[in-house]
Every structure is written in structure tokens, then in C-alpha cells.
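Take a look at the structure below.
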Amino acid sequence: MTDLYQSQRAMRNMRRAALQRGLVAVLDVGSSKIACLVLKFDPLDEMREDGLGSLAGQSQFRVIGAATTRSRGVRFGEVDAMQETERAIRTAVQAAQKMAQTRVDHVIACFSGAKPRSYGLAGETELPEGQVSEQDVARVLASCDVPDFGPGREVLHAHPVNFAIDHRSGFGDPRGHVGNKLAADMHLLTIDTGAVQNLLYCIKRCDLEIAGIASSAYVSGLASLVEDEQELGAACIDMGGGATGLSIFFKKHMIFSESVRLGGDHVSSDISKGLRVPMAVAERIKTIHGGVHATGMDDREMIEIGADCGDWEKDRRKVSRTELIGIMRPRVEEILEEVRAILDAAGFDQLPSQQIVLTGGASQIPGLDMLAARILGQNVRLGRPLRVQGLPQAATGPSFSSTVGLCLFAAHPQDEWWDFEIPAERYPARSLRRAMKWFKDNW
Amino acid sequence: MWPLGRANAGARARYREESRRERRDPAPSRLSYKMERLRLTPGFRLGLRVGLPFVLAFTGVTVWLSDADRRAAIVQSYEEMRTSVEERPEFMVAMMSVEGASDPVAAAIRSMMPVDLPVSSFRLDLPAMRAAIEQIDAVANADLVIRKGGVLEVRVTERQPAILWRSATGLEMLDTTGHRVATLIDRAARPDLPVIAGQGADDHVAEALTIFAATGPLGPRVRGLVWIGERRWDVVLDRGQRILLPEDAPVPALQRVIALDSAQDMMGRDLTVVDMRNTARPTVRLGAGASEFLTSQVTGVSAP
Numbered sequence: 001m002t003d004l005y006q007s008q009r010a011m012r013n014m015r016r017a018a019l020q021r022g023l024v025a026v027l028d029v030g031s032s033k034i035a036c037l038v039l040k041f042d043p044l045d046e047m048r049e050d051g052l053g054s055l056a057g058q059s060q061f062r063v064i065g066a067a068t069t070r071s072r073g074v075r076f077g078e079v080d081a082m083q084e085t086e087r088a089i090r091t092a093v094q095a096a097q098k099m100a101q102t103r104v105d106h107v108i109a110c111f112s113g114a115k116p117r118s119y120g121l122a123g124e125t126e127l128p129e130g131q132v133s134e135q136d137v138a139r140v141l142a143s144c145d146v147p148d149f150g151p152g153r154e155v156l157h158a159h160p161v162n163f164a165i166d167h168r169s170g171f172g173d174p175r176g177h178v179g180n181k182l183a184a185d186m187h188l189l190t191i192d193t194g195a196v197q198n199l200l201y202c203i204k205r206c207d208l209e210i211a212g213i214a215s216s217a218y219v220s221g222l223a224s225l226v227e228d229e230q231e232l233g234a235a236c237i238d239m240g241g242g243a244t245g246l247s248i249f250f251k252k253h254m255i256f257s258e259s260v261r262l263g264g265d266h267v268s269s270d271i272s273k274g275l276r277v278p279m280a281v282a283e284r285i286k287t288i289h290g291g292v293h294a295t296g297m298d299d300r301e302m303i304e305i306g307a308d309c310g311d312w313e314k315d316r317r318k319v320s321r322t323e324l325i326g327i328m329r330p331r332v333e334e335i336l337e338e339v340r341a342i343l344d345a346a347g348f349d350q351l352p353s354q355q356i357v358l359t360g361g362a363s364q365i366p367g368l369d370m371l372a373a374r375i376l377g378q379n380v381r382l383g384r385p386l387r388v389q390g391l392p393q394a395a396t397g398p399s400f401s402s403t404v405g406l407c408l409f410a411a412h413p414q415d416e417w418w419d420f421e422i423p424a425e426r427y428p429a430r431s432l433r434r435a436m437k438w439f440k441d442n443w
Numbered sequence: 001m002w003p004l005g006r007a008n009a010g011a012r013a014r015y016r017e018e019s020r021r022e023r024r025d026p027a028p029s030r031l032s033y034k035m036e037r038l039r040l041t042p043g044f045r046l047g048l049r050v051g052l053p054f055v056l057a058f059t060g061v062t063v064w065l066s067d068a069d070r071r072a073a074i075v076q077s078y079e080e081m082r083t084s085v086e087e088r089p090e091f092m093v094a095m096m097s098v099e100g101a102s103d104p105v106a107a108a109i110r111s112m113m114p115v116d117l118p119v120s121s122f123r124l125d126l127p128a129m130r131a132a133i134e135q136i137d138a139v140a141n142a143d144l145v146i147r148k149g150g151v152l153e154v155r156v157t158e159r160q161p162a163i164l165w166r167s168a169t170g171l172e173m174l175d176t177t178g179h180r181v182a183t184l185i186d187r188a189a190r191p192d193l194p195v196i197a198g199q200g201a202d203d204h205v206a207e208a209l210t211i212f213a214a215t216g217p218l219g220p221r222v223r224g225l226v227w228i229g230e231r232r233w234d235v236v237l238d239r240g241q242r243i244l245l246p247e248d249a250p251v252p253a254l255q256r257v258i259a260l261d262s263a264q265d266m267m268g269r270d271l272t273v274v275d276m277r278n279t280a281r282p283t284v285r286l287g288a289g290a291s292e293f294l295t296s297q298v299t300g301v302s303a304p
């Protein structure tokens with residue numbers, strides 16, 4: 001774990017360097033598409049007097065290059081074929097660079113797979129000086145007992161979500177407060193080491209430096225949940241091509257995240273099997289005619305499936321839209337039920353507000369919100385990502401919510417565990433800081 | 001469920017448009033990806049846009065100019081162009097007129113002309129010519145103007161001689177500021193000018209002129225002034241008489257002598273020197289005859 005801890009620190013430094021240079025790329029590696037945006041950060045001194053820019057400070061960056069390419073070699077949000085993935089990333093990055101008319105060296109990536117798993121951690125420490133200092137925060141974070149998440153897994157996110165001093169809870173920033181005991185709650189997200197290493201290797205092969213890595217369920221929550229939803233408790237369901245990510249937000253922190261290894265591609269493959277058509281045709285039929293609620297009208301709407309085999313009977317096949325819906329609906333229901341099971345396991349019903357926001361490419365199926373309301377609860381809405389400056393019209397749909405969220409993540413990353421100080425006790429024996437602490441303690 | 005059908009129509013149109021475009025999406029090769037990135041590097045772009053043309057142009061020009069004949073041809077064509085403009089008739093100066101100068105001075109000015117006429121006005125260095133003309137002692141001031149029609153007009157103000165200065169080298173004419181005007185061979189050529197003598201007398205011409213102006217009734221008898229010891233004047237009269245004037249206020253001292261002379265005809269008597277150097281104690285030196293007579297009067301015995 002120390003390895004990733006160090007490399008996360010290195011990534012954070014890389015991100016700082018990229019922001020100083022004012023240019024960073026975000027890369028969303030999905031199962032159905034790979035999107036790359038090039039962000040240009042404006043200097044901070046252009047802010048208004050009250051410290052905020054327009055759009056609540058989110059206008060400090062501008063999208064100057066955007067490109068999307070069909071994903072190759074990614075399944076279930078994980079890298080499946082390295083060469084193919086590398087080529088797809090290259091395509092997206094090159095097109096975005098061409099639009100931005102500059103090269104980018106730093107990239108922040110997100111992906112949806114690699115079996116994310118959430119852990120809640122708690123730690124507690126005494127306050128020897130009465131007042132909370134940076135070192136105390138570091139110590140309380142270090143005192144969190146890390147669960148045994150097994151070999152082959154690594155920490156992707158480690159957000160301190162809550163601090164408590166004595167019996168007062170809910171501090172965002174405990175520094176300077178006076179008390180006897182400091183407690184912290186931390187949310188830990190672990191992923192499969194192999195999957196993330198593969199992705200990092202693919203990106204490195206494209207001559208790009210990695211300035212950060214994030215879970216796509218988390219960042220699409222950042223983009224598609226509005227502020228009160230994040231505050232009062234909401235779940236963002238990012239229905240992608242190969243995986244459906246789920247993240248629960250409460251008090252503006254992500255407190256839970258999981259993913260279902262089912263997505264829009266499975267619906268397409270069901271259609272492909274059911275209607276005996278190629279995958280591309282199935283995808284097209286799903287996009288144009290798809291739905292989840294059949295009506296009497298749909299019995300009369302005949303869809304030409306077509307084929308190219310030369311057999312007249314086969315090439316002239318038609319199905320009614322009801323049949324198509326009959327194929328799609330069970331799979332969509334299965335996905336939503338899986339999500340429902342995860343939400344139940346996570347204790348989502350304990351939250352004050354139980355808003356559910358559907359986003360991602362597969363959430364564009366007509367009638368999905370009504371189906372989801374029957375399975376997940378009444379508070380369901382379809383989410384679209386926040387608007388950011390310079391984003392092309394083509395990239396404002398719900399399938400880009402994790403891409404846009406990654407922009408926000410690049411601009412305002414939440415403090416993670418590795419952004420805090422290292423407790424002095426953990427430093428090597430000869431470090432200067434340790435000597436400083438000895439001086440402070442003895443004089 | 002009509003609304004669903006409507007909503008689908010938008011998606012359908014979008015999809016059709018996309019599939020009509022049906023752009024191929026080939027992945028760039030590793031090499032082309034790297035080249036593209038290199039091309040997009042800001043420094044590299046700047047180098048291509050500015051540095052490369054500069055280097056190419058510089059190299060080309062350097063190679064072309066490395067041949068001595070080409071360089072000479074360029075210089076020559078430049079010179080030819082310059083000459084052709086300069087020697088247009090509008091710019092040519094054909095003649096020179098000298099105004100306000102006497103003939104010898106005018107001749108001297110003409111002989112000093114550094115270039116032969118006709119010449120282009122671009123080649124004439126009027127300030128230098130003016131300085132050269134003003135080097136002539138007889139010229140107080142010169143103005144050079146190029147008039148229309150190619151005439152170089154030299155307007156000269158000559159120095160007016162005010163005094164003669166006899167020195168070891170000869171007789172010089174000086175103007176009122178003590179500047180030399182010309183050498184005079186013969187004193188008789190300018191009998192109207194007073195004469196001064198003595199080393200450094202030319203620096204005190206103004207004072208000498210005031211003394212001359214103050215001579216009044218003694219004027220016809222004054223032969224000249226002598227600058228003694230570079231500090232004071234002697235007035236030399238005919239019959240070997242001298243008036244020794246003090247350093248300070250020589251004119252009042254001279255006026256006292258003139259007053260004595262007009263009252264008692266002092267200068268008509270037998271004395272050789274009137275010494276006014278100490279104004280509180282004017283002294284006279286008697287001539288030889290008078291001094292003998294006085295001695296005999298005192299002793300009662302005439303000198304042998």
C-alpha cells in the first residue's frame with residue numbers, strides 16, 4: 001500500500017505541475033467510448049474580488065480540445081487488450097491535441113471497472129496540545145485501522161469524510177479547534193491492482209504523464225449531482241457500456257461506491273442474440289428504436305432489421321418495437337435490480353434524502369426513469385453533466401458525465417489521505433522534521 | 001405513449017446523421033503520434049515558424065554574399081544610383097559668388113574652395129567651408145547659402161583694422177578686439193591708424209584705443225603706445241618724451257598730465273619723462289640741459 005500511497009503523492013505533485021503549466025488532459029476510458037478533453041487553466045488572478053469567478057469558480061478552466069473515439073479493447077471498464085486500448089487512447093489524445101493546437105503531457109484518467117469496493121474507516125487520537133494541528137490531523141488519519149482488503153487490491157480513493165472533536169461531529173476542517181480527542185471517519189475505495197496497472201501502462205505507452213486517477217462512478221457523481229443532492233444524500237448511477245457505477249454522496253463526500261459489471265453493451269448483445277443480427281446493427285437498433293415501456297402503438301411499429309446475406313427472407317425481416325422492448329427490458333431490469341441490491345446493502349435508505357440520479361450513456365433509453373422509479377424508489381431523475389466552459393455541444397450528453405466530472409475533479413480535487421502531512425513518527429529516523437519535533441517537545 | 005416515440009425521433013435523426021458521416025476512426029501509428037506531438041510542441045512550432053525561415057534566409061544571403069565580385073557589384077550599383085541622383089542638374093552648384101569682401105580676400109576665398117565647380121550640392125560641406133573661410137584673419141564672419149540656379153553665395157563681413165601693432169616680426173593691423181587683420185609693409189600706407197608696440201600689446205587693444213581717445217590736445221604729438229612689462233602703458237611723444245602711465249586707471253593719469261600741459265605747457269619744456277606710475281607722487285625727469293641749468297642755479301657755479 002505504501003507504494004500506491006507514494007505514487008498517489010507523486011501524481012498529486014504532477015497535477016500541481018500541470019496546473020502551473022495551465023494545461024492538462026482528462027481521459028475517460030470507457031467500454032464503449034474513450035473521451036479526451038484538453039483543459040486550459042486560466043491564472044487565478046483573473047478571479048473577481050470576492051474570490052469567486054463566474055459559474056462558482058468552475059470557469060477557471062476552459063475546454064480547448066475534445067475528442068471521442070470508439071473504444072477498442074476495453075471490457076467491463078477494464079483494459080482487456082493492451083495494444084488495442086493503447087491505440088484507442090492514442091487516437092483520442094491525438095484528435096484532442098489537434099483541436100487544442102497544442103500538446104499535452106499530463107493526463108488525469110478515470111475508469112469504471114476493476115471491481116471497486118468501499119470501506120468505512122474510523123480513527124481516534126488524543127490531542128496532547130489541546131488544539132488541533134496539522135500533525136494531529138495526520139496522526140488521526142494514520143490511526144485509522146486499515147481493513148484487510150486482501151492481496152492484489154490497492155487504494156484508489158481515501159477521503160476523510162468527517163472529523164469529530166470530543167462529542168462534536170461534522171467538522172470539515174478541524175485545524176485550530178480545541179478539544180481532548182480527535183476522531184476521523186475515512187472512506188476508502190479499493191480496486192484491483194492488475195486492472196489499474198494495465199491502464200497506467202497503456203497511458204504511459206502514449207508518452208503521457210499521469211497526473212491523477214479516479215473512479216468514474218465518483219467523478220460522474222461530481223458532475224451530475226447538484227449541490228443539495230450531494231449534501232442531503234443521493235446516489236449517482238452511471239450506466240456505461242460495460243459497467244454500471246454507483247456512488248452515494250452525503251454531506252458533499254462520497255461515502256460509498258460500487259459497480260455492477262453490466263451495462264448497455266449487454267443490452268445490445270441481448271438484441272444481437274435475440275434478433276440474430278450483428279452487434280453493430282443491434283447497437284443501432286437499440287439507439288434508434290429502443291425503449292423499456294411497450295404500448296399498443298409499438299405493436300404496429302415495425303422495425304426493419306435487414307441483413308446482407310442475399311437471402312430475401314432473411315434480408316426482409318421485420319420485428320415490432322414491442323418485441324425489441326421485450327428483449328431490452330429484462331436486461332435493464334436486471335441491471336437496476338443489481339443496483340437496488342447494492343443500495344440496500346449500503347444502507348442507502350438511512351439517508352435523509354434518497355435521490356437517485358441516472359446518468360451515463362445507457363440512461364438515454366426512453367422510459368428508463370419510469371422503470372427505475374418502480375425498482376429503485378420514487379426519487380429518480382435523469383442527470384446530465386454540469387456545463388463547463390468551452391465544452392462542445394456533442395459532449396454535453398449524459399454519456400459524458402464522467403468526462404465532465406473528471407474536469408471538475410482536475411480543477412478542485414478533494415483532499416485525500418495522501419494530501420495530508422505525514423505524521424512525524426512515521427518519518428525516517430534521521431529526518432529533519434523529526435529533529436524539529438524533538439526540539440519542540442523539549443523546549 | 002406518444003411522447004416516447006417523439007423522444008426517439010430525435011435520437012433517430014442524430015444516429016442517422018452520425019452514420020451518414022461514418023467517418024473512419026483509424027488509430028495513428030506510434031510514429032505518427034509522436035511526430036504529431038512534436039509538431040504541436042510550442043517551442044518546436046516557434047522554431048519552425050520563426051527560426052527555420054530565419055536560418056534559411058540567413059544562410060542563403062551569406063552564401064550569396066560570400067562571393068567578393070557580387071559584393072563589389074552591389075556596392076558599385078549603389079554608388080551609381082547615388083551618383084545619378086546627386087548629379088541631377090537640380091542639385092548641381094555651378095558658380096560661386098563672394099559678396100562683401102575686398103578683392104584679395106575674395107581671391108583667397110576662391111582659392112580655398114576645396115572642390116572644383118560644378119559640383120553636386122550633396123558633396124558640399126557648408127559648415128566646414130564656412131569654418132575654413134572664417135580661418136582667414138581678414139574675415140570676421142561668413143555666411144554660405146546655396147541659391148536657386150546652382151549659385152553658392154558667400155557673404156563675408158571683413159574685419160576693420162583699428163590699430164597697428166609693431167612687433168619683432170613686423171607691422172600688423174589689428175581690429176578693435178586685437179585680432180590680426182593683415183600685415184602692413186609700410187607704416188605710411190595707413191597713417192590714420194595709431195601704433196602700439198610691446199609684447200602682448202595685442203591683447204589690450206581696447207585699452208590702448210581708450211588711451212588714444214583720451215590724448216586730446218597731445219594727440220598730434222603722440223607717436224604711439226608701448227606696453228611695458230606686460231602690465232602698463234607708456235605714451236611715447238615726439239622729441240623723445242614719455243608719459244609713464246600706471247597699471248590702474250591710466251586714462252585719469254593721462255588726463256592729469258594733459259591738464260598740467262594745457263595749464264603750464266609742461267610737455268613743451270625740457271623734460272624727458274613724466275612718471276605717473278605712482279599717482280600720488282607724479283615725477284618728471286628733466287632733460288640734460290635743464291638739469292645742468294638747475295644744478296648751476298643751486299650751486300652758483302656753472303658747470304664746466
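Those protein sequences? They're chains A and B, same order as listed. Residue numbering for the first sequence follows the UniProt record's numbering, beginning at 1 and increasing consecutively. Residue numbering for the second sequence follows the UniProt record's numbering, beginning at 1 and increasing consecutively. Glycine residues also receive a C-beta, built at the ideal position from the N, C-alpha and C atoms. In this text the structure is predicted, and so the values were computed from the model without any measurement.
In terms of alpha-carbon separation, which member of the options lies closest to residue i?
{"i": "residue 244 of chain A", "options": "A/267, A/177, A/285, A/252", "result": "A/267"}
{"i": "residue 217 of chain A", "options": "A/337, A/304, A/69, A/234", "result": "A/234"}
{"i": "residue 65 of chain A", "options": "A/18, A/200, A/35", "result": "A/35"}
{"i": "residue 149 of chain B", "options": "B/88, B/77, B/102, B/226", "result": "B/88"}
{"i": "residue 177 of chain B", "options": "B/170, B/163, B/171, B/156", "result": "B/163"}
{"i": "residue 40 of chain A", "options": "A/25, A/231, A/158", "result": "A/25"}
{"i": "residue 116 of chain B", "options": "B/94, B/291, B/251, B/200", "result": "B/94"}
{"i": "residue 263 of chain B", "options": "B/277, B/102, B/217, B/71", "result": "B/217"}
{"i": "residue 70 of chain A", "options": "A/30, A/77, A/102", "result": "A/30"}
{"i": "residue 140 of chain A", "options": "A/9, A/119, A/128", "result": "A/128"}
{"i": "residue 252 of chain A", "options": "A/159, A/302, A/298, A/290", "result": "A/159"}
{"i": "residue 374 of chain A", "options": "A/389, A/390, A/362, A/356", "result": "A/356"}
{"i": "residue 197 of chain B", "options": "B/204, B/210, B/167", "result": "B/167"}
{"i": "residue 233 of chain B", "options": "B/248, B/239, B/219, B/221", "result": "B/248"}
For residue i, report the span of its beta strand (DSSP E) as first-last.
{"i": "residue 110 of chain A", "result": "106-111"}
{"i": "residue 163 of chain A", "result": "153-165"}
{"i": "residue 149 of chain A", "result": "Unbroken run through residue 149 of chain A: none, as it is neither H nor E."}
{"i": "residue 438 of chain A", "result": "Element bounds for residue 438 of chain A: not the beta strand (DSSP E) but the alpha helix (DSSP H), 432-442."}
{"i": "residue 191 of chain A", "result": "181-192"}
{"i": "residue 416 of chain A", "result": "Element bounds for residue 416 of chain A: n/a, residue is neither H nor E."}
{"i": "residue 173 of chain B", "result": "170-174"}
Where does residue i land, buried or exposed, given buried means 16+ other C-beta within 10 angstroms?
{"i": "residue 231 of chain B", "result": "exposed"}
{"i": "residue 31 of chain B", "result": "exposed"}
{"i": "residue 401 of chain A", "result": "buried"}
{"i": "residue 286 of chain A", "result": "buried"}
{"i": "residue 79 of chain B", "result": "exposed"}
{"i": "residue 74 of chain B", "result": "exposed"}
{"i": "residue 183 of chain B", "result": "exposed"}
{"i": "residue 33 of chain A", "result": "buried"}
{"i": "residue 407 of chain A", "result": "buried"}
{"i": "residue 14 of chain A", "result": "buried"}
{"i": "residue 423 of chain A", "result": "buried"}
{"i": "residue 64 of chain B", "result": "exposed"}
Between residue i and residue j, which are expected to be in contact by the criterion C-beta below 8 Å, what is the C-beta distance as a whole number of angstroms?
{"i": "residue 325 of chain A", "j": "residue 292 of chain A", "result": "6 Å"}
{"i": "residue 271 of chain A", "j": "residue 282 of chain A", "result": "4 Å"}
{"i": "residue 290 of chain B", "j": "residue 260 of chain B", "result": "In fact, because the Cβ distance is near 16 Å, the residues do not count as touching under 8 Å."}
{"i": "residue 359 of chain A", "j": "residue 383 of chain A", "result": "4 Å"}
{"i": "residue 107 of chain A", "j": "residue 255 of chain A", "result": "Between residue 255 of chain A and residue 107 of chain A the Cβ distance is about 28 Å, and since that is not below 8 Å, they are no contact."}
Determine the extent of the alpha helix (DSSP H) in which residue i is found, giving its start and end residues.
{"i": "residue 194 of chain B", "result": "Here residue 194 of chain B belongs to no alpha helix (DSSP H), and DSSP marks it neither H nor E."}
{"i": "residue 302 of chain A", "result": "Looking at the DSSP string, residue 302 of chain A is not in any alpha helix (DSSP H); the run it does join, the beta strand (DSSP E), is 302-304."}
{"i": "residue 55 of chain B", "result": "52-65"}
Quiz item: Can you give, in chain order, each stretch of the beta strand (DSSP E) that sits fully within the UniProt domain "POTRA" (91-159) of chain B and has at least 3 residues?
Solution: 95-99, 139-147, 151-158
Quiz prompt | Every unbroken beta strand (DSSP E) inside the segment 345-400 of chain A [3 residues or more] | solution = 355-359, 380-382
Practice problem: Pick out the complete alpha helix (DSSP H) segments inside the segment 201-267 of chain B, 4 residues or longer, and give them in chain order. | Solution: 205-214, 250-264
Self-check item: Every unbroken alpha helix (DSSP H) inside the segment 283-345 of chain A [4 residues or more]
Solution: 296-300, 312-315
Quiz item: Which ranges does the alpha helix (DSSP H) cover as unbroken runs of at least 4 residues, wholly within the segment 192-267 of chain A, from first to last along the chain?
Solution: 193-205, 216-224, 227-232
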